[in-house]
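Engineer: Sharing a structure with you now.
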Amino acid sequence: MEESVERKKRHPLKERADVMKALMLRDLRTRFFNHGLGFLVVALWPLCHMAALLALFTFAGRQPPYGDSLNVFFVSGLIPTLLFMYVSRFMSVSLLMNASMLAFPVIKPVDILFSRALLEALAGALTAAFIFLILYALGDDPLPFAVDEAVACYFSILLFSIGIGMIVGTISIYLPIFNTIYALFMIIVYGTSGVMFVTSSLPTAIGDALAYSPVVQAVEWMRSAYFPTYNSRVLDKQYLVFAAMTSIFLGLLVERLTRRMVYE
């Protein structure tokens, strides 16, 4: 009797896991070339972005403000910035791209959102691994000075990305123009992230204003983990962690409140 009750308790969780697995496999096959290897393209896309930017700055003869390697300096800013941009952006279109799947009663919007979040998290980790291998091949040391701080920063901005992706993705399913606005907003996020400059070196008023962006905080945190002499006056780690937790909460809340609209 107890075993039967236990099976019933596990059944909903197993059902959700099976649904998310099916959605992930479908995503893997349909996003690129109708083949699972398309997942590698997802991971390589931001890598190409980084390579183009690094080549541009190297050709321009820029010197790293911190450390001995221009590659490592820019990568320390690009990793959290592109992680946020790609994870939140791809999550924001997940419901729009998979709206037909909601015709199946067993599939809920949150299943689509979380399955995409898992895929993007895996893609982000794979991208980071590729970056490390390339930097090693170029003779650079890609390991941060404080590994624990870099990992904490990475997961904080990842959670923030997932939360924002849930909010934008849920709203976009019944207000598609919002997704276009968000895509354009990414240009501003990238330009003000601090990838191409040191936020602390800006005039106080400008630097303090930019510091309200969690992406800027992630860049500052990651660079402080890479360079022991990187003293950022705008870094607030607790602010980024709070923003991450808040975005996840709001993402779940918005999905729950708008679930009926999504089905209509």
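In case it helps, the UniProt record's numbering puts the sequence shown at residues 1 to 264.
All C-beta atoms, glycine included, are put in the ideal place defined by N, C-alpha and C.
Note that the structure is predicted; figures quoted are calculated from it, not measured.
(1) Rounding to the nearest angstrom, what Cα-Cα distance links Cys153 and Asn71 in this structure?
(2) At a threshold of 7 Å, does Thr180 count as lining the ligand FAD (C-beta to nearest heavy atom)?
(3) Can you tell me whether Tyr226 is buried or exposed? The criterion is at least 16 other CB atoms within 10 Å of its CB, across all chains shown.
(4) Between Val215 and Ile248, what straight-line distance do the alpha-carbon atoms span, to the nearest angstrom?
(5) Can you have a look at Ala244 and say buried or exposed, based on whether 16 or more other CB atoms are within 10 angstroms of its CB?
(6) Could you name the residues of the same chain whose beta carbon sits closer than 7 Å to that of Ala146, not counting the 5 residues immediately before and after it, in chain order?
(7) Among the residues of its own chain, which have a CB less than 8 Å from the CB of Phe114, if the five just before and after it don't count?
(8) Using only the alpha-carbon positions, how far apart do Leu257 and Ser193 sit?
(9) If you reduce the DSSP assignment to three classes, tell me which class Met101 lands in.
(10) Rounded to whole angstroms, what is the Cα-Cα separation between Phe242 and Ala205?
(11) Going straight from the alpha carbon of Lys108 to that of Thr229, what length do you get?
(12) Using the Cβ count rule (16 or more neighbours within 10 Å means buried), how would you classify Glu2?
(13) So Met50 packs on Tyr190, CB below 8 Å; how close in whole Å?
(14) Rounded to whole angstroms, what's the CA-CA distance from Ala99 to Gly165? Just pull it up for me.
(15) How is Thr180 classed by DSSP in three states: helix, strand or coil?
(16) For Ser88 versus Val168, is the C-beta distance shorter than 8 Å?
(17) Which ranges does the alpha helix (DSSP H) cover as unbroken runs of at least 4 residues, wholly within the region 35-76, from first to last along the chain?
(18) Please list the terminal residues of the continuous alpha helix (DSSP H) segment that includes Thr170.
(19) Report all residues from its chain with a CB closer than 7 Å to the CB of Pro144; omit the five preceding and five following residues, and keep chain order.
(20) Rank Ala183, Gly124, Ala22 by C-alpha distance to the C-alpha of Met101 and give the top, closest one.
(21) Find the nearest neighbour of Leu54 within the set Thr170, Met186, Glu255, Leu135, judged by alpha-carbon distance.
(22) Name the two residues that bound the continuous alpha helix (DSSP H) containing Leu113.
(23) Does DSSP put Ala211 in a helix, in a strand, or in coil?
Structural biologist: Here's the rundown:
(1) So the alpha carbons of these two residues sit roughly 19 Å apart.
(2) In the structure on display, the ligand FAD does not appear, and there are no ligands present to speak of.
(3) Taking every protein chain shown into account, the CB of Tyr226 has 16 or more other CB atoms within 10 angstroms, so this residue is buried.
(4) Their Cα atoms are separated by approximately 16 Å.
(5) When all chains shown are included, Ala244 counts as buried.
(6) Counting only Cβ-Cβ distances below 7 Å, and skipping sequence neighbours, we find Ala225.
(7) Closer than 8 Å at the Cβ level, and outside the excluded window around Phe114, lie Met20.
(8) Approximately 31 Å between the Cα atoms of the pair.
(9) Secondary structure of Met101 (DSSP, three-state): helix.
(10) Straight-line measurement puts the Cα of Ala205 at about 23 Å from the Cα of Phe242.
(11) In a straight line, the C-alpha of Lys108 is about 48 Å away from that of Thr229.
(12) Unreliable placement is indicated for Glu2, whose pLDDT of 48 sits below 50; no coordinate value is reported for it.
(13) Contact doesn't hold; Cβ gap of about 12 Å is too wide.
(14) Distance between the alpha carbons of Ala99 and Gly165: 16 Å.
(15) Of the three classes helix, strand and coil, the one that applies to Thr180 here is helix, per DSSP.
(16) Closer than 8 Å, so yes.
(17) If you keep only unbroken alpha helix (DSSP H) runs of at least 4 residues inside the region 35-76, you get 38-59.
(18) Segment 147-172, the alpha helix (DSSP H) holding Thr170.
(19) Within the same chain, Cβ atoms closer than 7 Å to the Cβ of Pro144 are found at Ala150, Ala225, Tyr226, the five residues on either side in sequence being excluded.
(20) Ranking Ala183, Gly124, Ala22 by Cα distance to Met101 puts Ala22 first.
(21) Ranking Thr170, Met186, Glu255, Leu135 by Cα distance to Leu54 puts Leu135 first.
(22) Segment 109-137, the alpha helix (DSSP H) holding Leu113.
(23) Coil at Ala211, not helix or strand.
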